[in-house]
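Quick notes on the structure that follows.
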Amino acid sequence: MNRIKQLFLEKKNILSIYYTAGYPNTDDTIKIAEALEKSGADMLEIGFPYSDPVADGPVIQASSKQSLDQGMTLNLLFEQLKELRKNIRIPVLLMGYVNPVLQFGVENFCKACAEVGVDGCIVPDLPMVEYEEFYKGYFEEHNLSNVFLITPQTADERIHKIDGLTNGFIYLLSSSATTGKSLEVGNTTETYFGRIKNMNLKNPTMIGFGISDKQTFDKACVYANGAIIGTAFVKAIENGNIEESVSDFMKKFKS
Amino acid sequence: MKYKVNEKGYYGDFGGAYIPEMLYPNVEELRQNYLKIIDDADFQKEFHQLMKDYVGRPSPLYLAKRLSERYGANIFLKREDLNHTGAHKINNTIGQILLAEKLGKKRIIAETGAGQHGVATATVCALRNLECVIYMGEVDIERQAPNVARMKMLGAKVVPASSGSKTLKDATNEAMRDWINNPVDTHYIIGSVVGPHPYPDMVAIFQSIISDETKKQLLEQTGSDQPDYVLACVGGGSNAMGMFYHFMDDENVKLIAVEAAGKGVSSGFSAATTFLGKEGVLHGSRSILMQTPDGQVVEPHSVSAGLDYPGIGPQHAHLFKTGRGQYVSITDEESLDAGLLLTQLEGIIPAIETAHAIAYLEKMEFKGGENVVICLSGRGDKDLDTYIKHFNL
Numbered sequence: 001m002n003r004i005k006q007l008f009l010e011k012k013n014i015l016s017i018y019y020t021a022g023y024p025n026t027d028d029t030i031k032i033a034e035a036l037e038k039s040g041a042d043m044l045e046i047g048f049p050y051s052d053p054v055a056d057g058p059v060i061q062a063s064s065k066q067s068l069d070q071g072m073t074l075n076l077l078f079e080q081l082k083e084l085r086k087n088i089r090i091p092v093l094l095m096g097y098v099n100p101v102l103q104f105g106v107e108n109f110c111k112a113c114a115e116v117g118v119d120g121c122i123v124p125d126l127p128m129v130e131y132e133e134f135y136k137g138y139f140e141e142h143n144l145s146n147v148f149l150i151t152p153q154t155a156d157e158r159i160h161k162i163d164g165l166t167n168g169f170i171y172l173l174s175s176s177a178t179t180g181k182s183l184e185v186g187n188t189t190e191t192y193f194g195r196i197k198n199m200n201l202k203n204p205t206m207i208g209f210g211i212s213d214k215q216t217f218d219k220a221c222v223y224a225n226g227a228i229i230g231t232a233f234v235k236a237i238e239n240g241n242i243e244e245s246v247s248d249f250m251k252k253f254k255s
Numbered sequence: 001m002k003y004k005v006n007e008k009g010y011y012g013d014f015g016g017a018y019i020p021e022m023l024y025p026n027v028e029e030l031r032q033n034y035l036k037i038i039d040d041a042d043f044q045k046e047f048h049q050l051m052k053d054y055v056g057r058p059s060p061l062y063l064a065k066r067l068s069e070r071y072g073a074n075i076f077l078k079r080e081d082l083n084h085t086g087a088h089k090i091n092n093t094i095g096q097i098l099l100a101e102k103l104g105k106k107r108i109i110a111e112t113g114a115g116q117h118g119v120a121t122a123t124v125c126a127l128r129n130l131e132c133v134i135y136m137g138e139v140d141i142e143r144q145a146p147n148v149a150r151m152k153m154l155g156a157k158v159v160p161a162s163s164g165s166k167t168l169k170d171a172t173n174e175a176m177r178d179w180i181n182n183p184v185d186t187h188y189i190i191g192s193v194v195g196p197h198p199y200p201d202m203v204a205i206f207q208s209i210i211s212d213e214t215k216k217q218l219l220e221q222t223g224s225d226q227p228d229y230v231l232a233c234v235g236g237g238s239n240a241m242g243m244f245y246h247f248m249d250d251e252n253v254k255l256i257a258v259e260a261a262g263k264g265v266s267s268g269f270s271a272a273t274t275f276l277g278k279e280g281v282l283h284g285s286r287s288i289l290m291q292t293p294d295g296q297v298v299e300p301h302s303v304s305a306g307l308d309y310p311g312i313g314p315q316h317a318h319l320f321k322t323g324r325g326q327y328v329s330i331t332d333e334e335s336l337d338a339g340l341l342l343t344q345l346e347g348i349i350p351a352i353e354t355a356h357a358i359a360y361l362e363k364m365e366f367k368g369g370e371n372v373v374i375c376l377s378g379r380g381d382k383d384l385d386t387y388i389k390h391f392n393l
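Protein sequence lines, in the order shown, are assigned to chains A and B. Using UniProt numbering, read the first sequence as starting at 1 and increasing by one per residue. Using UniProt numbering, read the second sequence as starting at 1 and increasing by one per residue.
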């Protein structure tokens, strides 16, 4: 069974961490993954950097740029990920923009993911229509979950369509925003989260964008199967010893 | 109609809407409404009234005598430089501001390279009393100071884009981020035939007034609405698409799109997209763009801020791939020389963008008597500093 499905069957309040591959240093990709699993992360989203990340705020943009400037490419990332399953057992997804995937070749990309033990992908600017018509077959052949995003503005009908197309989880954006904005659970957000919860989707949901501490994480877990932390984590590992910064950051969520 | 968009938003292999979910509702709202709104009789009436009384259309089609003598062909200049605000960009911003009003939007954002689209957007926002935020690359803010001042005077907020190459591509990224963060009340006026469907089609429709008028004027002046050649410069490609639009299905009319070679196509400082680019996705559509083998967007270079863009619109990519359009390139140096030449032969100082199209005349061979139309997309006031420095004037 796909590790993502297994995780959602076994656990509640899932904590998933996003970080940019090759940041702060090119060879940190695997080190960070190992440190995260050791300190209790349930799932990982490894970002492959892109030069023009329009959905990202300043922190993830800067980490992407630094990673690219230091020489990160998809080829190099897959080289590094050959070590992934030596010590890592939790589910791992790759997240990034569609153009690098198109240049790598979607079929090759799916194959490479499967070979290194990646369980799923999040490609926010790959449209649902193109995915369904041209690429779904490759993802299924390699047992990869393709995760779609929804926002407070996404219509119910479209949410049902997404629910039918995907088989990992649905990525619930807490608001329509670029990454790094803080989560304010006001009445509208609560109504939106509640609406999604009542739709009885077949897929579990994870709340992302704006989760930065234990308090916002716990709030998200009331409405979804867990939450995703990105910007706050990327900021936390900017400087210093990777193992220490990761373990310090994760302590806040495990107390 | 074989070169127009299909019902899925594609031009052959190009186009589509490669956007994150955060932008989907905005773009979908536009997609569902743009043709309905544009085709409405009241909209058409208001659009054409403003085109006439505010923009000053129709813009003249001028037979440039001395230029014609020099090259041995009848060279007609479509004078978009005489439009209010000095370029073709206003055709699109008038159309989109009226459309934004119909959609009930209260706030307008836009990206700008040379500042012409920024000025054209700030102008229509002042005209219709809407809040206006313009994103502009830091490098462009420096080299286009007069336009920055104009935007501010018109009441727009000019926000510097400081990521990447700090030019048009990065200004576009910032505008898209703004739209993601303000999904309900804001309309994004994209200035070129780029972006997710329906933008390339919508902008082309508004700019198509250029070729619509040209055909009528040509018929009147030459007895035929079919010239031998139509030329225009291409950054994203909005003036070229407006100039080509009603000629696309006239297969005997040769369409020539002039890209910016910068310091030379192979110099590493170029914006000649069809020469250096490959198929991929940029700013929401599948097109041709300059990129590394790993799919990272390459930073372009051109002396003209309006052509300093690493991609072309999807409809241009389609015209290029099908061979319907001929895509060529002109260097910084050649364009500046052509700018000076036009100034001294015809008394018209062109924008450096436009000068690229003029410069291509040097490379063409005429038998004599051919009719050639060039889109004189903008005036050169904004580029005086660059001209002065280059020629030590």
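Yeah, the Cβ is synthetic: ideal placement off N, Cα and C, and Gly gets one too.
**Asked** Can you list the residues of chain B that A177(A) reaches, using a CB-CB cut of under 8 Å?
**Response** In the first sequence, the residue the question calls residue 177(A) occupies position 177. Residues of chain B passing the Cβ test: M22, I180, N181.
**Prompt:** With distances taken from CA atoms, which of S64(A), I237(A), I207(A) is nearest L149(A)?
**Reply:** Along the first sequence, read from residue 1 onward, the residue named residue 149(A) stands at position 149. The shortest Cα separation from L149(A) among S64(A), I237(A), I207(A) belongs to I207(A).
**Asked** Between the C-alpha atoms of K254(B) and M243(B), what's the straight-line distance to the nearest angstrom?
**Response** Counted from its first residue, the second sequence places residue 254(B) at position 254. Counted from its first residue, the second sequence places residue 243(B) at position 243. In this model, K254(B) and M243(B) are separated by some 12 Å (Cα to Cα).
**Item:** Coil, strand or helix - E346(B) by DSSP
**Value:** Working through the second sequence from its first residue, we reach residue 346(B) at position 346. The answer is helix: DSSP assigns E346(B) an H, G or I state.
**Request:** May I have a chain-ordered list of the beta strand (DSSP E) segments no shorter than 3 residues that lie completely inside the region 359–383 of chain B?
**Result:** 371–376
**Request:** Taking the CB atoms as reference points, tell me whether E131(B) and L98(B) lie closer together than 8 Å.
**Result:** Against the second sequence, residue 131(B) aligns to sequence position 131. Against the second sequence, residue 98(B) aligns to sequence position 98. Result no, Cβ atoms of E131(B) and L98(B) do not sit closer than 8 Å.
**Contiguous alpha helix (DSSP H) assignments of at least 4 residues, all confined to the region 149–232 of chain A** = 156–165, 187–198, 214–223
**Prompt:** Taking 8 Å as the CB-CB limit, is K169(B) close to chain A?
**Reply:** Taking the first residue of the second sequence as position 1, residue 169(B) is located at position 169. Answer yes: the Cβ-Cβ gap between K169(B) and chain A drops below 8 Å somewhere.
**Request:** Going by CA-CA distance only, name the one from T29(A), N167(A), E10(A), K161(A) that's closest to C121(A).
**Result:** By one-based count along the first sequence, residue 121(A) stands at place 121. Among T29(A), N167(A), E10(A), K161(A), the Cα nearest to that of C121(A) is on N167(A).
**Request:** Specify the secondary structure class of Y3(B) as computed by DSSP and reduced to three states.
**Result:** Position 3 of the second sequence, counting from 1, holds the residue named residue 3(B). Correct three-state label for Y3(B): coil.
**Asked** For the region 58–126 of chain A, which segments carrying the alpha helix (DSSP H) assignment without a break, of at least 4 residues, lie completely within its bounds, in sequence order?
**Response** List check, alpha helix (DSSP H) in window: 58–69, 74–80, 84–87, 98–104, 106–116.
**Item:** Inter-stretch contact (C-beta, 8 Å, three-pair minimum) for the region 307–320 of chain B and the region 265–276 of chain B
**Value:** yes
**Request:** Name, please, each residue of chain B whose Cβ falls closer than 8 Å to the Cβ of L173(A).
**Result:** What you label residue 173(A) is simply residue 173 of the first sequence in a count that begins at 1. Within 8 Å Cβ-Cβ: E21, M22.
**Asked** Does D44(A) have its Cβ less than 8 Å from a Cβ in chain B?
**Response** Along the first sequence, one-based indexing puts residue 44(A) at 44. A quick correction: the sequence has Leu, not Asp, at residue 44(A). Under the 8 Å criterion on CB atoms, L44(A) is classed as non-interfacial with respect to chain B.
**Asked** How big is the Cα-Cα spacing for Q217(B) and K52(B)?
**Response** In the second sequence, residue 217(B) corresponds to position 217, counting from 1. In the second sequence, residue 52(B) corresponds to position 52, counting from 1. Their backbone Cα atoms lie some 16 Å apart in a straight line.
**Item:** Own chain partners of V139(B) with C-beta closer than 6 Å, once the 5 adjacent residues on each side are dropped
**Value:** Residue 139(B) sits at position 139 when you count from the first residue of the second sequence. Taken in chain order, the residues that qualify are K166, T167.
**Asked** Are the C-beta of Y50(A) and some C-beta of chain B separated by less than 8 Å?
**Response** Start at 1 with the first residue of the first sequence, and residue 50(A) comes out as number 50. Contacts with chain B at 8 Å (Cβ-Cβ) include Y50(A).
**Prompt:** Mind pulling the chain A residues with CB within less than 7 Å of G242(B)?
**Reply:** For the purposes of this step, residue 242(B) is taken as residue 242 along the second sequence, with counting starting at 1. In chain A, no part has a C-beta under 7 Å from the C-beta of G242(B); the shortest such distance is about 26 Å.
**Request:** Compute the Euclidean distance between the alpha carbons of G16(B) and I312(B), then round it to the nearest angstrom.
**Result:** Your numbering for residue 16(B) matches position 16 in the second sequence. Your numbering for residue 312(B) matches position 312 in the second sequence. Those two C-alpha atoms are separated by around 14 Å.
**Prompt:** Are N92(B) and G56(B) touching if we call contact CB-CB under 8 Å?
**Reply:** The residue labelled residue 92(B) in the question sits at position 92 within the second sequence. The residue labelled residue 56(B) in the question sits at position 56 within the second sequence. Not closer than 8 Å, so no.
**Asked** By how many angstroms is the C-alpha of E259(B) removed from the C-alpha of Q215(A)?
**Response** Here residue 215(A) is taken as the residue at index 215 of the first sequence, counted from 1. Here residue 259(B) is taken as the residue at index 259 of the second sequence, counted from 1. When rounded, the separation of the alpha-carbon atoms in Q215(A) and E259(B) is 54 Å.
**Message:** In the DSSP output, what is G262(B) paired with across the bridge?
**Reply:** To locate residue 262(B), count along the second sequence from 1; it is residue 262. Per DSSP, T331(B).
**Request:** Determine the extent of the alpha helix (DSSP H) in which L144(A) is found, giving its start and end residues.
**Result:** Locating residue 144(A) in the first sequence gives position 144, counting from the first residue. From DSSP, L144(A) is part of no alpha helix (DSSP H); its letter is neither H nor E.
**Prompt:** Just the Cα atoms here: how many angstroms apart are I374(B) and I38(B)?
**Reply:** For the purposes of this step, residue 374(B) is taken as the residue at position 374 of the second sequence. For the purposes of this step, residue 38(B) is taken as the residue at position 38 of the second sequence. Going from the Cα of I374(B) to the Cα of I38(B) covers about 27 Å.
**Message:** How far does the beta strand (DSSP E) with F76(B) in it extend, from its first residue to its last?
**Reply:** Locating residue 76(B) in the second sequence gives position 76, where the first residue counts as 1. First-last of the beta strand (DSSP E) with F76(B): 74–79.
**Request:** Would you check if there are 3 or more beta carbon pairs closer than 8 Å linking the region 140–157 of chain A to the region 149–159 of chain B?
**Result:** no
**Request:** Would you please verify whether the beta carbon of I150(A) is less than 8 Å from any beta carbon of chain B?
**Result:** Position 150 of the first sequence, counting from 1, holds the residue named residue 150(A). Using a Cβ-Cβ cut-off of 8 Å, I150(A) counts as an interface residue toward chain B, since at least one Cβ of chain B sits closer than that to its own.
**Item:** Where E10(A) meets chain B, residues with beta-carbon distance less than 7 Å
**Value:** In the first sequence, residue 10(A) corresponds to position 10, counting from 1. Near E10(A) there are no residues of chain B at all, since even the closest Cβ is about 28 Å away, more than 7 Å.
**Message:** Restricting to Cα atoms, I'd like to know which of G137(A), L7(A), I14(A) is closest to V106(A).
**Reply:** Position 106 of the first sequence, counted from the first residue, corresponds to residue 106(A). Measuring from the Cα of V106(A), the nearest candidate turns out to be G137(A).
**Request:** In angstroms with no decimal places, state the Cα-to-Cα distance between N87(A) and S238(B).
**Result:** Position 87 of the first sequence, counting from 1, holds the residue named residue 87(A). Position 238 of the second sequence, counting from 1, holds the residue named residue 238(B). Whole-angstrom Cα-Cα distance: 53 Å.
**Request:** Tell me, please, whether the CB atom of D28(A) is closer than 8 Å to any CB atom in chain B?
**Result:** Indexing the first sequence from 1 puts residue 28(A) at position 28. Closer than 8 Å: no.
**Request:** Pull up the DSSP beta-bridge partners for residue 274(A), would you.
**Result:** Any answer about residue 274(A) is impossible in this case: the structure gives chain A only from 1 up to 255.
**Message:** Closest to G235(B) by C-alpha separation, out of L393(B), G191(B), P183(B), L50(B), would be which residue?
**Reply:** Translated into positions along the second sequence, residue 235(B) becomes position 235. Nearest option by C-alpha distance: G191(B).
**Message:** For chain A, check one thing: does any of its Cβ atoms lie closer than 8 Å to the Cβ of D296(B)?
**Reply:** Counting from one through the second sequence, the residue named residue 296(B) turns up at place 296. Inspection of the sequence shows that residue 296(B) is occupied by Gln rather than by Asp. Yes, its Cβ sits closer than 8 Å to a Cβ of chain A.
**Request:** Would you mind telling me which residues of chain B sit closer than 7 Å to L68(A), beta carbon to beta carbon, in chain order?
**Result:** Within the first sequence, residue 68(A) is the residue found at index 68, counting from 1. Neighbours of L68(A) on chain B, chain order: Q296.
**Request:** Mark S267(B) as exposed unless 16 or more other C-beta atoms lie within 10 angstroms of its C-beta, in which case mark it buried.
**Result:** In the second sequence, counting from the first residue as 1, residue 267(B) sits at position 267. S267(B) is exposed by the Cβ-count criterion.
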